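*Asks:* Can you read through this structure? Questions will come right after.
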Amino acid sequence: MPISLTVNGSQRSFDGDPEMPLLWYLRDEIGLVGTKYGCGAGLCGSCTVHRDGQAVRSCQTPMRTLAGRQIVTIEGLSPDGSHPVQQAWMKANVPQCGYCQTGQIMQAVAFLRSTPKPSDQQIDTAMSGNICRCGTYQRIRAAIKSVEGGRL
Amino acid sequence: MKGGGQRAEGTTTFGSIENVTRRHFLGGIASAGAFVLAARMMPDEVLAQTPPARPFFSRVEHAPFHPSIYLGIEPDGAVWIVTHRSEMGTGIRTTLPVIAADELDADWSRVRIEQGIGDARYGDQNTDGSKSVRDFYDTFRLAGATARTMLVSAAAAQWNVPASECAAQLHEVVHQASGRRLGYGALAGAAGKLPVPSATQVQLKARNAWRYIGKDFLAYDLGDIVTGKAGFGMDAKRDGMVYASIEHPPVLGAKVRSVDDAKALKVAGVRQVTTLDGYKPPLMFQPLGGVAVIGDSTWAVLQGRRQLSVNWDLGPNAAFESDAFKKQLISTVQQPQKVIRSVGNVDAEFAKGGKTVEATYYTPLLPHASMEPPVAVADFRDGKVSIWAPVQNPQATQDTVAAALGIGKDDVLVNVTLLGGGFGRKSKPDFAAEAALLSKKVGKPVKVVWSREDDLKFDFYHSTAAVYHKASVDGRGKPTAWLARSAWPPIASTFEDGAQYGLDLEHAMGLNDLPYEMTNHQVENGPARAHVRIGWFRAVANNYHVFASGSFVDELAHAAGRDPIEYTLELIGPGRVLDLKPQLRGADYWNYGAPYDKYPIDTARLRGVIEIARERSGWGRRKGGNGWGMGFAAHRSFNSYVASVVEVEVDKTGRVRIPRIVMVFDAGLVINPAAAKAQMEGAAVMGVGVAMLGEISAIGGQVQQTNFNNFRVPRMGDAPVQVDVHQVNTDAPPSGIGEPGVPPVIPALANAVFAATGKRVRELPLSKTKLT
Numbered sequence: 004m005p006i007s008l009t010v011n012g013s014q015r016s017f018d019g020d021p022e023m024p025l026l027w028y029l030r031d032e033i034g035l036v037g038t039k040y041g042c043g044a045g046l047c048g049s050c051t052v053h054r055d056g057q058a059v060r061s062c063q064t065p066m067r068t069l070a071g072r073q074i075v076t077i078e079g080l081s082p083d084g085s086h087p088v089q090q091a092w093m094k095a096n097v098p099q100c101g102y103c104q105t106g107q108i109m110q111a112v113a114f115l116r117s118t119p120k121p122s123d124q125q126i127d128t129a130m131s132g133n134i135c136r137c138g139t140y141q142r143i144r145a146a147i148k149s150v151e152g153g154r155l
Numbered sequence: 022m023k024g025g026g027q028r029a030e031g032t033t034t035f036g037s038i039e040n041v042t043r044r045h046f047l048g049g050i051a052s053a054g055a056f057v058l059a060a061r062m063m064p065d066e067v068l069a070q071t072p073p074a075r076p077f078f079s080r081v082e083h084a085p086f087h088p089s090i091y092l093g094i095e096p097d098g099a100v101w102i103v104t105h106r107s108e109m110g111t112g113i114r115t116t117l118p119v120i121a122a123d124e125l126d127a128d129w130s131r132v133r134i135e136q137g138i139g140d141a142r143y144g145d146q147n148t149d150g151s152k153s154v155r156d157f158y159d160t161f162r163l164a165g166a167t168a169r170t171m172l173v174s175a176a177a178a179q180w181n182v183p184a185s186e187c188a189a190q191l192h193e194v195v196h197q198a199s200g201r202r203l204g205y206g207a208l209a210g211a212a213g214k215l216p217v218p219s220a221t222q223v224q225l226k227a228r229n230a231w232r233y234i235g236k237d238f239l240a241y242d243l244g245d246i247v248t249g250k251a252g253f254g255m256d257a258k259r260d261g262m263v264y265a266s267i268e269h270p271p272v273l274g275a276k277v278r279s280v281d282d283a284k285a286l287k288v289a290g291v292r293q294v295t296t297l298d299g300y301k302p303p304l305m306f307q308p309l310g311g312v313a314v315i316g317d318s319t320w321a322v323l324q325g326r327r328q329l330s331v332n333w334d335l336g337p338n339a340a341f342e343s344d345a346f347k348k349q350l351i352s353t354v355q356q357p358q359k360v361i362r363s364v365g366n367v368d369a370e371f372a373k374g375g376k377t378v379e380a381t382y383y384t385p386l387l388p389h390a391s392m393e394p395p396v397a398v399a400d401f402r403d404g405k406v407s408i409w410a411p412v413q414n415p416q417a418t419q420d421t422v423a424a425a426l427g428i429g430k431d432d433v434l435v436n437v438t439l440l441g442g443g444f445g446r447k448s449k450p451d452f453a454a455e456a457a458l459l460s461k462k463v464g465k466p467v468k469v470v471w472s473r474e475d476d477l478k479f480d481f482y483h484s485t486a487a488v489y490h491k492a493s494v495d496g497r498g499k500p501t502a503w504l505a506r507s508a509w510p511p512i513a514s515t516f517e518d519g520a521q522y523g524l525d526l527e528h529a530m531g532l533n534d535l536p537y538e539m540t541n542h543q544v545e546n547g548p549a550r551a552h553v554r555i556g557w558f559r560a561v562a563n564n565y566h567v568f569a570s571g572s573f574v575d576e577l578a579h580a581a582g583r584d585p586i587e588y589t590l591e592l593i594g595p596g597r598v599l600d601l602k603p604q605l606r607g608a609d610y611w612n613y614g615a616p617y618d619k620y621p622i623d624t625a626r627l628r629g630v631i632e633i634a635r636e637r638s639g640w641g642r643r644k645g646g647n648g649w650g651m652g653f654a655a656h657r658s659f660n661s662y663v664a665s666v667v668e669v670e671v672d673k674t675g676r677v678r679i680p681r682i683v684m685v686f687d688a689g690l691v692i693n694p695a696a697a698k699a700q701m702e703g704a705a706v707m708g709v710g711v712a713m714l715g716e717i718s719a720i721g722g723q724v725q726q727t728n729f730n731n732f733r734v735p736r737m738g739d740a741p742v743q744v745d746v747h748q749v750n751t752d753a754p755p756s757g758i759g760e761p762g763v764p765p766v767i768p769a770l771a772n773a774v775f776a777a778t779g780k781r782v783r784e785l786p787l788s789k790t791k792l793t
C-alpha cells in the first residue's frame, strides 16, 4: 500500500521499498538534492531534514515510518534564501565547500525553534551531530547566536 | 563584502544561446540556482555536434568579445570569466575572477563565473599545492587588462580621439575631455574585431588603482549553498542514468576469484552486477577494480552490495599490519639512512660526547574524509565520454579516463562540479574512471557513488611516518649538531611500483628545509614500503615532519630552560635569505615548484609572523601548568609563513579543550582576505583533528576504520572555541593559503599540552597519550 506524506507542502505518494531511507527518496526519486549524503549512518548530520518540525537524519528514516508525516527540506525552508537562519549563514560567511551546510542549517533551525536564546554549551551540544570537515564551527556558532530565535 | 551579483540561468545548445533567462536577486548575496549544473550540461551537447578538432567552446568563447579563453563580454555587458581551478572550499572560484575583474575595471555585480572544463589550453588545472593564485595571478591580471585595453581602443576609435584620452571606469569607457561614455556591452562588438595586443602592449593597473584586489569577497556560490541549490558532484544527474556502487578489493591488489551475485540480483531495483578489472602496476590513478552493482537508485545498489558474495585472492598486502609496521618505521629511523642534506659534520660533533637531546615521533595513516565522498557521473556514447565529477584535476581525469577506456584524451570531456571538500583526495580521479568504464559497459549514463565506508577504506592515504631528531647542545642549550631522520611510505609508490624513498617534494616539506642557524646539520631519509595507496593530504609531508621538528624545538627549549619562542627566534637568527642548495645532496631545493629568486626562504618573514603571534596571543603572560598551557610553532610551507599559538585546558580526565588558537600568516599579496581568513580558521580545526583524533589502522591489509564513529574528526565541541587570524600585509608576491595553516597547529597543540601537563606527546593522535 502506498505511503502518503507531505514534502515541502506537496502531497506525495510512495510505493517503493518501505525500508528505503528518506534521504534516497528525496535525492534520487524526487530530485531534492539539497539534502546531502555524508555517512549513511546518522553520524555526520549532512542529511538533516525536518519531520513534523523536528530535525531528523534522513539517512536513518525509513519511508515506512513517514505515513502522514510532514517533511521539510532545505528547498522548503525558503525558496530564495530569505529564512533568517540562511540569512545569518550568509552574513557570517559560514560555508567553505558548503556540502554539509544545508544539514547544519536544518539542524540549527529546529534547535533555535526550541531554544531561542541558546548558550554556547547548548549550541555545542545541539550541533555536535553535524560534522563540517572544512572546520567552519566558529562561524556556525556565531551565525546561530546572531539569530533571534523567537522569530522562527 | 562584495556579494555575488545576478546570474544567468538557462540552457544552451551549440552555436547559440537559447532560452537564457536572467534573474535578479535580493540582498546582493542571494543567488540563482540550477545555473551551475545547467551551464555544465552545455559542453556535452557541444561535444556531440562539433568536429573532434575543436571539441568545445566555452561560455566565454560564445561571447562576441573574448580576447582570451579566460574572459568574454556579451553585448548586454555581462562579463564571463572562467575559473579553471576547482572549488573545494578555498574560494578560488571567486578569487581568480576577482583578479581579472579588477584589471578590467568591471562592475562585479555583472560578472558571471564559468567553471572551466578540463582543457590543456587553460594551463595547469591541478588544484593542489596551494598555488592557484601564485601561478595564475599574472594570467588573470593580463586577461582583464587586455580586455580593458581593447575596450578603450574600440571607444577611442568610435569617438575618433586618441586612446590616451580615454579610460576604463567601472564597466564603461569614458572620454574625459568630452564626458562621453560607452558601456562595455555596447563596445563588445567593436572590441571583438580588434587584434589582441601582446602582453607588452598592455598596461597593468598601478596598485593604488586596484578596485577589488585586497578586499573581502563572499563566495560566488554562497547563496546557492545555503539554499541547497549548489551543484556538487553528488548532485549531478543525466536522463536515463543508472546508479552504481562498487565492492572494492578489501586489500590493495586483491583480485576477484569468484562472485556469487544471485542474491544481489534479487534486490528490488538492482539491474546488473559486473566485475571491474584491477589496476596494472604502477597504481597511478587507476580504479582498484572490484564488483559493481548497478541499479535504479543509490539505495538499491547499496542494498545489492550487501547481498554480494565475493571470493577474493587477497595477495601479498594481506600481510600488512599497521602496528607492526609502526615498529618497523621507528626502527628504520634509529639506523643511518640516505643523506639528503648535510652541512658540517654531525658525527664528529656527536662523538665529542657532550649533552644530547633526542626524540622519536610517530604519526599514523590518515584519510581525507571530505564530507562528499568520491562520486562521478559518466555518459559514454559513440566512442566519447562526458564526465561530471568533483575533481581537483580535470586534466588528469581526462588522462585517467582515456587510458581506462582506450580512447583519446580529447574524447574525454570533464565537467567540474563544486567539490564537497577535496583536501587532496579528489586530485586522484579513479572514481571518474570507474563511472566511465561502467557507462561504456551498460550503455547508459552511470553515477558511481562511494559510501563513507568506501571512502575511508580505499583512500589514497596521507602517509604514516616516523621521524627521529637528535641534537648535541652547548652550555646555553643551543644545538652544536642536529640530525633529523625520517621514513614514510612515499607518494612515489603510487607512481612507481615498490618505491620506498621520498621525492624531493616530500623532503622539502619540513624535512630538509629547517631554517635554523646550524654549523653541523644532517638530514636523512630511510626506506618504507607502501601497502595501501599513498596520496597527498592538505599540507602533505609537512604535517608529520613539522609535528616532529616543531615538537623537538620545544623539547630543546625546555631542556635549556628557555622560553620556546625566544629560543626559536634565536635558532632562526637574523633575517636573511637562505641558500640551501649547496647543502642538499643531489637535488635542488624543491620550493613548492616556485622560482627561488621570487619565493626564497626569507627568515625575516618567518620571524615576523612569530613576533606577531607572540604579541597577539598574550604569550608569556601566564605560566603554564595545572591543566592550562600555551604552545607555539611556526613554519614556512607553500611559500607562505605561518605561526600558531594554541591554548589548551586539560581537565582531570585528560580531556583537552582548546579555548583559542592564534594564526598569523604572511602569504604575500592576499587577493581575498575573507577567503584567506576562512582558510586559516579551517586549517586550525583540521590541524586539531590531525593532532588529537585521526588515525587509520590496518589488520591483515584491511583498513579498520569504517565511518565517523571509529574514524573521528573534530566536531564543534572538539574544535577551538575561537580562532584569531592575523594577516601580515607585505609586498611579496602571492603565495599559498589553503594548506600552510595546518602544519604549525599540530606541534603547537602538542607543545601546549606539554605546557599544561608536563606530558610530551610524541605519537599522534594525542588521544594515545595518557594525560592524567
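First to last, the protein sequences are chains A and B.
To convert, take the position in the first sequence, counting from 1, and add 3; that gives the working numbering.
To convert, take the position in the second sequence, counting from 1, and add 21; that gives the working numbering.
Backbone N, C-alpha and C fix where the C-beta goes; we use that ideal spot for every residue, glycine too.
Just so we're clear, the structure is a prediction, and the values are computed from it rather than from any experiment.
(1) Tell me whether the beta-carbon of A549 (chain B) lies closer than 8 angstroms to the beta-carbon of P510 (chain B).
(2) What span of residues does the alpha helix (DSSP H) with M737 (chain B) cover, start to end?
(3) Would you call the CB atoms of G596 (chain B) and R635 (chain B) closer than 8 angstroms?
(4) Please classify V598 (chain B) as buried or exposed, where buried requires at least 16 neighbouring CB atoms within 10 angstroms.
(5) Should I90 (chain B) and V435 (chain B) be called a contact, given that it needs their Cβ atoms to be closer than 8 angstroms?
(6) Could you name the residues of the segment 391 to 422 of chain B whose beta carbon sits closer than 7 angstroms to any beta carbon of chain A, in the order they occur along the chain?
(7) So, T68 (chain A) versus R60 (chain A), is the Cβ gap smaller than 8 angstroms?
(8) Give the C-beta separation of K449 (chain B) and G556 (chain B) to the nearest angstrom, bearing in mind that I take them to be a contact with Cβ-Cβ under 8 angstroms.
(9) Going along the chain, which residues of its own chain have a beta-carbon closer than 6 angstroms to the beta-carbon of R626 (chain B), five neighbours each way excluded?
(10) Please report the distance separating the alpha-carbon of R75 (chain B) from that of G150 (chain B).
(11) Please compile the residues from chain B whose C-beta is within a distance smaller than 7 angstroms of the C-beta of N11 (chain A).
(12) Along the alpha helix (DSSP H) that carries S107 (chain B), what are the first and last residues, could you check?
(13) Kindly indicate which three-state DSSP category T485 (chain B) falls into: helix, strand or coil?
(14) Show which residues of chain A have a CB atom less than 7 angstroms away from the CB atom of V744 (chain B).
(15) On the CB-based measure, 16 or more other CB atoms within 10 Å of its CB, does I682 (chain B) come out buried or exposed?
(16) Could you say if the segment 426 to 445 of chain B and the segment 397 to 409 of chain B meet the contact criterion of at least three C-beta pairs nearer than 8 angstroms?
(17) Give a yes or no on whether 8 angstroms exceeds the smallest Cβ distance from V52 (chain A) to chain B.
(18) Would you mind listing the beta strand (DSSP E) stretches within the segment 125 to 209 of chain B that are 3+ residues and don't spill past its ends, in chain order?
(19) How should F56 (chain B) be labelled, buried or exposed, when 16 other C-beta atoms within 10 angstroms of its C-beta is the threshold for buried?
(20) Based on Cα-Cα distance, which residue from B:Y383, B:S330, B:L215 and B:A369 lies nearest to K347 (chain B)?
(21) With distance defined between alpha-carbon atoms, name the residue in B:V677, B:G703, B:A551 and B:A699 nearest to L304 (chain B).
(22) Measuring alpha carbon to alpha carbon, tell me which of A:R154, A:R116, A:I108 and A:K120 ends up nearest I143 (chain A).
(23) When DSSP labels each residue in this structure, what does K276 (chain B) get in the three-state scheme?
(24) Could you name the residues of chain B that G56 (chain A) contacts, counting a contact when the two beta carbons are closer than 9 angstroms?
(25) Here's the rule I'm using: 16 or more other beta-carbon atoms within 10 Å means buried, otherwise exposed. How should P119 (chain A) be labelled?
(26) With a cut-off of 8 angstroms on the beta carbons, I'd call I767 (chain B) and V567 (chain B) a contact; round off their distance for me.
(27) Tell me which residues share the same chain as P65 (chain A) and place their Cβ nearer than 8 angstroms to its Cβ, disregarding the 5 neighbours each side in the sequence.
(28) Given Q73 (chain A), which residues of its chain have a CB within under 6 angstroms of its CB, disregarding the five upstream and five downstream residues?
(29) Nearest by alpha-carbon distance to G12 (chain B): which of B:G274, B:P118 and B:P754 is it?
(30) Less than 7 angstroms between C-beta atoms, sequence neighbours within five positions excluded: which residues of the same chain meet that for L323 (chain B)?
(31) Measure the C-alpha to C-alpha separation of V734 (chain B) and E702 (chain B) and round it to an integer number of angstroms.
(32) So H490 (chain B) packs on E591 (chain B), CB below 8 angstroms; how close in whole Å?
(33) For my contact list, A146 (chain A) and A95 (chain A) are in at a C-beta cut-off of 8 angstroms; report their separation, rounded to the angstrom.
(34) May I ask which residues mark the beginning and end of the alpha helix (DSSP H) holding M1 (chain A)?
(35) So which residues on chain A does R473 (chain B) lean against when the C-beta distance must stay under 9 angstroms?
(36) Based on the DSSP output, what are the partners of E379 (chain B) in its beta bridges?
*Replies:* Here's the rundown:
(1) Here the question's residue 549 (chain B) lines up with position 528 in the second sequence. Here the question's residue 510 (chain B) lines up with position 489 in the second sequence. Contact: yes.
(2) Taking the first residue of the second sequence as position 1, residue 737 (chain B) is located at position 716. No alpha helix (DSSP H) contains M737 (chain B), which DSSP labels as neither H nor E.
(3) For the purposes of this step, residue 596 (chain B) is taken as the residue at position 575 of the second sequence. For the purposes of this step, residue 635 (chain B) is taken as the residue at position 614 of the second sequence. Not a contact, by the Cβ cut-off of 8 angstroms.
(4) As a position in the second sequence, residue 598 (chain B) is number 577, starting the count at 1. Result: exposed.
(5) Along the second sequence, one-based indexing puts residue 90 (chain B) at 69. Along the second sequence, one-based indexing puts residue 435 (chain B) at 414. Not closer than 8 angstroms, so no.
(6) S391, M392 and E393
(7) Locating residue 68 (chain A) in the first sequence gives position 65, counting from the first residue. Locating residue 60 (chain A) in the first sequence gives position 57, counting from the first residue. Cβ atoms of T68 (chain A) and R60 (chain A): not closer than 8 angstroms.
(8) Position 428 of the second sequence, counting from 1, holds the residue named residue 449 (chain B). Position 535 of the second sequence, counting from 1, holds the residue named residue 556 (chain B). Yes, K449 (chain B) and G556 (chain B) are in contact; Cβ-Cβ is about 6 angstroms, under 8 angstroms.
(9) Position 605 of the second sequence holds residue 626 (chain B). Correct list, in chain order: Y662 and D687.
(10) Here residue 75 (chain B) is taken as the residue at index 54 of the second sequence, counted from 1. Here residue 150 (chain B) is taken as the residue at index 129 of the second sequence, counted from 1. With a pLDDT of 38 at R75 (chain B), under the threshold of 50, the modelled position of that residue is not reliable, and no figure is offered here.
(11) Position 8 of the first sequence holds residue 11 (chain A). Those within 7 angstroms of N11 (chain A) in chain B number zero; the least Cβ separation is about 11 angstroms.
(12) As a first step, residue 107 (chain B) must be located in the second sequence, where it is residue number 86. Per DSSP, S107 (chain B) belongs to no alpha helix (DSSP H) and is neither H nor E.
(13) Position 464 of the second sequence, counted from the first residue, corresponds to residue 485 (chain B). In the structure shown, T485 (chain B) sits in coil (DSSP, three-state: anything other than H, G, I, E or B).
(14) Walking along the second sequence from the start, residue 744 (chain B) turns up at place 723. Going along chain A in sequence order, the residues near V744 (chain B) (Cβ under 7 angstroms) are Q141.
(15) Locating residue 682 (chain B) in the second sequence gives position 661, where the first residue counts as 1. Looking at its Cβ environment, which holds 16 or more other Cβ atoms inside 10 Å, I682 (chain B) is buried.
(16) yes
(17) Taking the first sequence and counting its residues from 1, the one referred to as residue 52 (chain A) is at position 49. No, its Cβ sits nowhere closer than 8 angstroms to a Cβ of chain B.
(18) 132 to 136, 187 to 189, 193 to 196 and 201 to 204
(19) By 1-based counting over the second sequence, the position of residue 56 (chain B) is 35. Bear in mind that the predicted position of F56 (chain B) carries a pLDDT of just 27, short of 50, making it too unreliable to give a figure here.
(20) For this step, residue 347 (chain B) is matched to residue 326 along the second sequence. Here the closest residue by C-alpha is B:Y383.
(21) Taking the second sequence and counting its residues from 1, one reaches residue 304 (chain B) at position 283. The shortest Cα separation from L304 (chain B) among B:V677, B:G703, B:A551 and B:A699 belongs to B:A551.
(22) Position 140 of the first sequence, counted from the first residue, corresponds to residue 143 (chain A). That would be A:I108, whose Cα lies nearest to the Cα of I143 (chain A).
(23) By 1-based counting over the second sequence, the position of residue 276 (chain B) is 255. In this structure, K276 (chain B) counts as strand in the three-state DSSP scheme.
(24) In the first sequence, residue 56 (chain A) corresponds to position 53, counting from 1. Correct list: empty, because the minimum Cβ distance to chain B is about 18 angstroms.
(25) Reading the first sequence from its first residue, position 116 is the one you call residue 119 (chain A). Exposed, since its Cβ has fewer than 16 Cβ neighbours within 10 Å.
(26) One-based indexing of the second sequence puts residue 767 (chain B) at position 746. One-based indexing of the second sequence puts residue 567 (chain B) at position 546. Confirmed, Cβ separation roughly 7 angstroms.
(27) Translated into the one-based positions of the first sequence, residue 65 (chain A) becomes position 62. P21, E22, M23, P24 and L25.
(28) In the first sequence, the residue the question calls residue 73 (chain A) occupies position 70. Around Q73 (chain A): T9 and D55.
(29) Examination of residue 12 (chain B) is not possible in this model, given that chain B is present from 22 through 793 alone.
(30) As a working mapping, residue 323 (chain B) is identified with position 302 in the second sequence. Excluding residues within five positions, the ones whose Cβ falls inside 7 angstroms are S266 and S472.
(31) Here residue 734 (chain B) corresponds to residue number 713 of the second sequence, with the count starting at 1. Here residue 702 (chain B) corresponds to residue number 681 of the second sequence, with the count starting at 1. So the alpha carbons of these two residues sit roughly 15 angstroms apart.
(32) Numbered from its first residue, the second sequence carries residue 490 (chain B) at position 469. Numbered from its first residue, the second sequence carries residue 591 (chain B) at position 570. Not a contact, Cβ separation roughly 18 angstroms.
(33) Walking along the first sequence from the start, residue 146 (chain A) turns up at place 143. Walking along the first sequence from the start, residue 95 (chain A) turns up at place 92. Indeed they touch by this definition, with Cβ atoms about 4 angstroms apart.
(34) Since the first and last residues shown for chain A are 4 and 155, residue 1 (chain A) lies out of range.
(35) Here the question's residue 473 (chain B) lines up with position 452 in the second sequence. Near R473 (chain B) (Cβ distances below 9 angstroms), the residues of chain A are Y40, G41, C42, G43, A44, L46 and C47.
(36) Position 358 of the second sequence, counted from the start, is the residue given in the question as residue 379 (chain B). E379 (chain B) is bridged to B:K491.
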